[in-house]
Each structure stands twice: as structure tokens, then as C-alpha cells.
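Asker: Per our numbering: the sequence shown ends with 381, consecutive numbering throughout.
Ideal Cβ positions, reconstructed from N, Cα and C, are used throughout, including at glycine.
Handing you this structure, nothing more for now.
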Amino acid sequence: MSEDDARDLKARALAGDPSAQIAMGMSAIRTWTPEGGAEGLAWFRKGAEQGHAPAAVHLGVFLTRRGNACLRGRVKSDDPVAEAEALFREAARYDYGPAQYSLARLLTRPGRSENEKSEAEEWFARAVEREEPRAQRRLGLQAARATPPDYQTAHLWMGKAAEQDDPVALRWLGIAFDEGLGVEKDAAEAARLYLKAAEEGDREGAFRIGLALQFGTGIERDPVEALEWYEAAADAGHARASFNLAAMLSEGALVPRDIARAIEAYKRAAEAGETRALVNLGNLHVRGDGVPRDDAEAARCFAQAVESGDARAAYHLALLHIHGRGVAKDLVEARSLLLFACRDPHPTFRDVLDDLDRVLDDATKNEAAARARDRWGALH
């Protein structure tokens, strides 16, 4: 959006245009910051106070998501879920499909009574009658998850939702063509659907079209565009996209190397739980590549990844213990980590373990084996 368009949008929102207020609210929410969350809720509330059903639904939805990072502590309501339900009920009375669907979802939450869950099914049915795409998609998912799956029905409802550009339905159809779920595999059609889902704001769709573009699967290979989609997905909190973005920028084989951006993306991926990012960050610290050489920080990264069960991290941490770099030299700990790492049949892991075993006595080996068994039990 140009600066002129942004100014015009804000002016219309300030003048009381509820559609502009929704747009301002969504823009603020998508900053993924607490301040943006508070600003977004304020804009939605302005629209809802005018009796605008879409604004009321947006407000209700985000009131029920107050645990999200960008909303935590920003919802100023004594009972936000009750307020959301009241907003949904008011809008649903006017046969507004999104409100009917949102109310139904709220009534199926854990702790709701059987009567409320029964009422929810009625609202879901009414939302389907109003051709609400999320309600159509729900029927599609139910069919796909049935035993056995009913992919014919799933494609029927997902197709209806996709016709309305529902991003999740578009992505599901992409996966169906990717994996041959009820249709012949078609990588080109999968890529087309992933791209459309991504353009509608679906972060998983953005990640998947990034993969397709990176490897030329069903679409002409374009690493630069792949990087752009990975970045879009990463900005929306997709951990694997952050990792792939970082890996491409770090390797510099397909796009120009940018180690500073790579490190930033690795950190975001690690914070989102991607253990491979921790391993790669650790190795950057070992080499002093783009960051100060810091064996202690490398050991911290590896140790954190080991806690999540990463075999590569165990191997790299074992090497630091063998040489006493950043951690105390400890051959018992090194061997226990290598035993742990050898769950992954990587020949290098086994070679290093065999080399270490040649210099250790049986008592030390047994102590390390016992420690490894304790570690395995802690993880499983």
C-alpha cells in the first residue's frame, strides 16, 4: 500500500468508515506486537460500536484470542469470551454467516455443555446455508478425517470454500494434489493452489510455494521468489520457513549470501522451536561466522537442541566436551552424547564414538552408557 493510500485509509477510518476501521485493525494486528494488538482491538471496537457486523465479528474473534503474543495483557474486558459471545450472537441474528460460524466455534470449546455443543451444530448448519467458506471447509475436513476418508465429499466442500478464496481450503487442495488424496498427483496444480493460498495470506501456503519455487516442483525454479515467500511465512511466525530462509541466506548458493539476515532468521526459527536452527547457530558460533567466536554460546545452543532430542546437536556438543571448548572436558558426557546421537545412523557419529571408545576403559564406558539411558528416558 502506498503512503497516499495508507493516509486515505486512516482518514476514512477516523471519519467512521467501519470497513476502513477493520482494515486498520488488521494492519495493526499483523505487526505481531503488543502495541499493534491493542491498536487493532481499538479499531475493531469502533466499528462494532456502530453496529457493523463484520467489525463485531473481528472484535469477537480477537477477544477470544487474548492469549496470543500480540494480544496478551491488552484485552481490557472483565470477561472477554462472554463479550465475544454476545457480539457473535447479535450479528448471527441477522443471518451473518461469519458470526454464525464464530459463535458455533465458541460453543464447541472445552468446558461447554452438551446443550451448547448441540446449539453449535445448528449454527454450523446455518453458516453452511449462508455459504460461509469456513463452515464449508469444516465439512470438508470432517469428510477427509473420517474412517475411511471420504475424499469425494472433502473435495466437494473444499472446492466450494476455495471458490471463495478461503486460504485454508486452497492449501488443503494443494496438499491433496501434492499427495494424491482423492485425486491424481499433480505438482503443477498443487503449486498453483499453494501460490493462491499464499496470496490470500496463508503462511503454510507461503511456506509450501517457497519449497516448490526453491526446488522447481510443479513450477519453474526461482530461488529469489522462494526467498520472498519464505520471508512472508517467517514474518507470520512459521518456524520452518524461518529456518529455510536462514539456510538459503547462510549458504549463499542460490541467492547472495547475507549472514546477518541469516542469523536473525535462525534466531526467529529457534525461538519458534526449530531445533535445527539452534544447531546451525551453534556451528556459526564455533566458526565465528557472522557472530563472535564463542564456544560457550555454541554449547548452550547445542544443549538446548539436545533437550528437544536433536541427534546432530548431541554430536556437536560431544565434540566440545572432548576438546574442552566452551564446556569442561568430560569424556563420560561426550560418550553419553555420542550414544544418544547414534540413534541417527550417521557414519560420522559412529566413527567418532569408535575413536573415543579406543581410549576409554570399561568402567568409563559403562558410566557413559548409564547416563545415556537416563537421558533417553527423560526424553521419552
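For G217 and G289, what's the separation of their Cα atoms in angstroms?
Answerer: Roughly 33 Å separates the two Cα atoms.
Asker: Spatial neighbours of Q305 within its chain, please: C-beta separation below 6 Å, excluding the five flanking residues on both sides.
Answerer: Cβ within range, chain order: L279.
Asker: Please report the residue range of the alpha helix (DSSP H) in which W44 lies.
Answerer: Segment P35 to A49, the alpha helix (DSSP H) holding W44.
Asker: Counting only the same chain and skipping the five closest in sequence on each side, list residues whose C-beta sits under 7 Å from that of K118.
Answerer: L108 and T109, listed in sequence order.
Asker: In this structure, how does DSSP classify P19 when only helix, strand and coil are distinguished?
Answerer: Looking at P19 - three-state DSSP - the assignment turns out to be helix.
Asker: For H317, which residues of its own chain have a beta-carbon under 8 Å away from its beta-carbon, when the five flanking residues on both sides are left out?
Answerer: Correct list, in chain order: V280, G283, N284, V287, A299 and F303.
Asker: On a Cα-Cα basis, can you pick out the residue from H322, H324 and A342 that is closest to G310?
Answerer: Of the listed residues, the one whose Cα sits closest to G310 is A342.
Asker: Please say whether A136 and A92 have beta carbons closer to each other than 8 Å?
Answerer: No; because the gap between Cβ atoms is not below 8 Å, this pair is not in contact.
Asker: Classify A254 as helix, strand or coil using the three-state DSSP reduction.
Answerer: If DSSP states are grouped into helix, strand and coil, A254 belongs with coil.
Asker: DSSP state of Q143, grouped into three classes?
Answerer: Helix.
Asker: Of all the options R313, G160 and L354, which has the alpha carbon lying nearest to the alpha carbon of D345?
Answerer: The residue with the shortest Cα to Cα distance from D345 is R313.
Asker: Tell me whether A261 is buried or exposed, calling it buried when 16 or more other Cβ atoms sit within 10 Å of its Cβ.
Answerer: That one is exposed.
Asker: Would you kindly check if the distance between the Cβ of G219 and the Cβ of A189 is under 8 Å?
Answerer: A contact, by the Cβ cut-off of 8 Å.
Asker: Express the C-alpha separation of L64 and S114 in angstroms, rounding to a whole number.
Answerer: If you take the alpha carbons of S114 and L64, they lie about 21 Å apart.
Asker: Looking at the unbroken alpha helix (DSSP H) that takes in G175, where does it start and where does it end?
Answerer: First-last of the alpha helix (DSSP H) with G175: P168 to E180.
Asker: On the CB-based measure, 16 or more other CB atoms within 10 Å of its CB, does D356 come out buried or exposed?
Answerer: It is exposed - the Cβ of D356 has fewer than 16 other Cβ atoms within 10 Å.
Asker: Please state the DSSP three-state secondary structure of K118.
Answerer: K118 falls in the helix class under three-state DSSP.
Asker: So the candidates are E221, A273 and A198; which of them puts its Cα closest to the Cα of M159?
Answerer: That would be A198, whose Cα lies nearest to the Cα of M159.
Asker: Is the CB-CB distance between S243 and A273 below 8 Å?
Answerer: Contact: yes.
Asker: Would you kindly work out how many angstroms separate the C-alpha atoms of N245 and V129, rounded to a whole number?
Answerer: So the alpha carbons of these two residues sit roughly 38 Å apart.
Asker: Starting from the Cα of A162, find the closest Cα among G141, A147 and P150 and give me that residue.
Answerer: The shortest C-alpha separation from A162 is found at G141.
Asker: Can you tell me whether DSSP reads S337 as helix, strand or coil?
Answerer: It is helical.
Asker: Measuring alpha carbon to alpha carbon, tell me which residue in Y95, D187, A233 and I264 is nearest R127.
Answerer: Measuring from the Cα of R127, the nearest candidate turns out to be Y95.
Asker: For the putative contact between A85 and G112, defined by C-beta atoms under 8 Å, what is the C-beta separation to the nearest angstrom?
Answerer: About 15 Å separates the two Cβ atoms, so there is no contact after all.
Asker: For G183 and A155, which I take to be in contact (beta-carbon distance under 8 Å), what is that distance rounded to the nearest angstrom?
Answerer: Right, the Cβ-Cβ distance comes to about 7 Å (below 8 Å), so this counts as a contact.
Asker: Do you know how far the Cα of R222 is from the Cα of D195?
Answerer: Looking at the sequence shown, residue 195 is not Asp but Tyr. So the alpha carbons of these two residues sit roughly 15 Å apart.
Asker: Can you give me the C-alpha to C-alpha distance between G17 and Q51, rounded to a whole angstrom?
Answerer: Taking the straight line joining both Cα atoms gives about 9 Å.
Asker: Could I get the ranges of all uninterrupted alpha helix (DSSP H) runs contained in the region 173 to 248, with 4 residues as the minimum, in chain order?
Answerer: The region 173 to 248 contains these whole alpha helix (DSSP H) runs: 188 to 200, 204 to 216 and 224 to 236.
Asker: Answer with buried or exposed for A329, where buried requires no fewer than 16 other C-beta atoms within 10 angstroms of its C-beta.
Answerer: By the 10 Å Cβ count, A329 comes out exposed.
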